[in-house]
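Colleague: Residue numbers (my numbering): 2 to 213.
Ideal Cβ placement from N, Cα and C applies to all residues, glycine included.
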Ligand SMILES: [Fe+2]
């Protein structure tokens with residue numbers, strides 16, 4: 002089995018947050034971006050349920066939006082390869098999802114990500130970089146990360162995420178959307194004893210409720 006993704010059985014159904022209908026996003030071509038969201042967008046039952054497994058979530062809650070034909074660029078949620086685990090729920094077309102990549106030998110990181118008016122913008126730059134996110138007074142676990150152009154990487158796994166999932170966000174990943182409506186996700190960075198929950202630990206802790 003892979004160390005990138007598992008579906009996870011939640012004992013309840015989480016509706017798509019109504020807030021997504023009114024969030025204003027920049028009109029970018031091939032838009033795929035991640036924004037910080039307030040805690041009240043997150044269904045409290047998720048946090049309680051994770052807590053019953055001794056797992057908490059970083060207070061830095063995120064949502065991603067990928068328009069038809071768009072993509073969130075190939076990136077890590079950390080500044081180096083790791084096995085950090087995120088919990089995500091996606092709402093969108095059945096031909097949209099997440100891809101995982103491996104950098105080719107000698108691949109050069111090329112994307113920088115920054116925050117503008119509370120919105121995380123991805124911008125292509127030349128050469129190496131390592132950036133820090135504007136903390137804006139938020140408790141952030143992830144404070145910098147890096148990405149690559151897809152041409153610098155090999156695709157290793159692809160999944161339509163129509164059910165709640167655990168993902169390994171410490172490996173290069175991106176989104177795709179071949180449908181005709183927006184894809185939205187919420188994602189929580191999972192913590193155990195205030196440290197990143199490692200993907201193999203997550204598989205063990207949630208072994209009775211994960212599949213595929
Ligand atoms: Fe990510």
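(1) Say yes only if the C-beta of residue 64 is nearer than 8 Å to one or more non-hydrogen atoms of ligand 1, and no if none qualify.
(2) Regarding residue 15 and ligand 1, is the C-beta to nearest heavy atom distance less than 8 Å?
(3) Between the alpha carbons of residue 211 and residue 24, how many angstroms are there, rounded?
(4) Which residues end up in the neighbourhood of ligand 1 when you take C-beta atoms closer than 6 Å to any of its heavy atoms?
(5) Residue 67 bridges to which residues according to DSSP?
(6) For residue 105, which of 185, 53, 148, 193 has the nearest alpha-carbon?
(7) What residue does the beta strand (DSSP E) around residue 82 start on, and which one ends it?
(8) Throw me the rounded Cβ distance for the residue 190 and residue 85 pair, which I believe falls under 8 Å.
(9) Do residue 26 and ligand 3 come close, with the Cβ less than 8 Å from some heavy atom?
(10) Quick one: what's got a C-beta closer than 8 Å to residue 154's C-beta in the same chain, skipping five residues either side?
(11) So, residue 63 versus residue 188, is the Cβ gap smaller than 9 Å?
(12) Under 9 Å, do residue 200 and residue 10 count as touching if we go by C-beta distance?
(13) For residue 38, which of 65, 206, 27 has the nearest alpha-carbon?
(14) Taking the alpha-carbon positions, what's the residue 41 to residue 58 distance?
(15) Since I believe residue 181 is in contact with residue 93 (beta carbons under 8 Å), could you give me their beta-carbon distance rounded to a whole number of angstroms?
(16) Just mark residue 197 as buried or exposed, buried being the case when its beta carbon has 16 or more other beta carbons within 10 Å.
(17) Which residue marks the beginning of the beta strand (DSSP E) containing residue 159, and which one marks its end?
Modeller: The relevant details are as follows:
(1) no
(2) no
(3) 32 Å
(4) 76, 78, 170, 174
(5) 33, 184
(6) 148
(7) It is not in any beta strand (DSSP E) - residue 82 carries neither H nor E in the DSSP assignment.
(8) 7 Å
(9) Absence of ligand 3 is noted for the structure shown, with ligand 1 being the only ligands found.
(10) 75, 102, 103, 104, 105, 108, 173
(11) yes
(12) no
(13) 65
(14) 14 Å
(15) Residue 93 to residue 181, Cβ: 10 Å. No contact.
(16) buried
(17) 154–160
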